[in-house]
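Enquirer: Handing you a structure now.
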């Protein structure tokens, strides 16, 4: 079953420092997975099969946990049988209805 998640992860124990280096490390893992993804300002959407996507979420967690005492991780998921190219098709469907 295809799943699209909207996912964010970052350490909560870095004070006023920028968190973008940690987000970039997670994004590298997402990119290396070969799954379709879209980076957004508040999270990243990833599309694939459940096991593949959850393996990427776990890999991102493993990457950040070793140098963090507290981590924020949030995701929501949309699971649908037979879907393909959902990241682009869902957005296109809404945009087409606006025209």
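In full-length UniProt numbering, the protein residues as written are 1 to 99. Each residue gets a CB set at the ideal place from its N, CA and C atoms; glycine is no exception. This structure is a prediction, so every number in the text was calculated from the model and none was measured.
Going by DSSP in three states, residue 85 sits in which element: helix, strand or coil?
Expert: Within the chain shown, numbered from 1, the residue matching residue 85 stands at position 85. In the structure shown, residue 85 sits in coil (DSSP, three-state: anything other than H, G, I, E or B).
Enquirer: Please state if the CB of residue 86 and the CB of residue 30 are separated by a distance shorter than 9 angstroms.
Expert: For the purposes of this step, residue 30 is taken as residue 30 along the chain shown, with counting starting at 1. For the purposes of this step, residue 86 is taken as residue 86 along the chain shown, with counting starting at 1. Not closer than 9 angstroms, so no.
Enquirer: Within 10 angstroms of its Cβ, does residue 45 collect 16 or more other Cβ (buried), or is it exposed?
Expert: Locating residue 45 in the chain shown gives position 45, counting from the first residue. Counting Cβ neighbours within 10 Å, residue 45 comes out buried, since at least 16 surround it.
Enquirer: Would the beta-carbon of residue 7 fall within 9 angstroms of that of residue 64?
Expert: As a working mapping, residue 7 is identified with position 7 in the chain shown. As a working mapping, residue 64 is identified with position 64 in the chain shown. Not in contact: residue 7 and residue 64 (Cβ atoms no closer than 9 angstroms).
Enquirer: Could you tell me the distance, in whole angstroms, from the CA atom of residue 97 to the CA atom of residue 89?
Expert: As a position in the chain shown, residue 97 is number 97, starting the count at 1. As a position in the chain shown, residue 89 is number 89, starting the count at 1. Taken atom to atom, the span from the alpha-carbon of residue 97 to that of residue 89 is near 12 angstroms.
Enquirer: Among 18, 81, 33, whose alpha-carbon lies nearest the alpha-carbon of residue 1?
Expert: For the purposes of this step, residue 1 is taken as the residue at position 1 of the chain shown. It is 81.
Enquirer: Using DSSP bridges, identify the partner residues of residue 71.
Expert: Taking the chain shown and counting its residues from 1, one reaches residue 71 at position 71. For residue 71, which the question treats as bridged, DSSP gives the partners 11.
Enquirer: Relative to the C-alpha of residue 83, which residue among 23, 53, 49, 76 is closest?
Expert: In the chain shown, counting from the first residue as 1, residue 83 sits at position 83. Nearest of 23, 53, 49, 76 to residue 83, Cα basis: 49.
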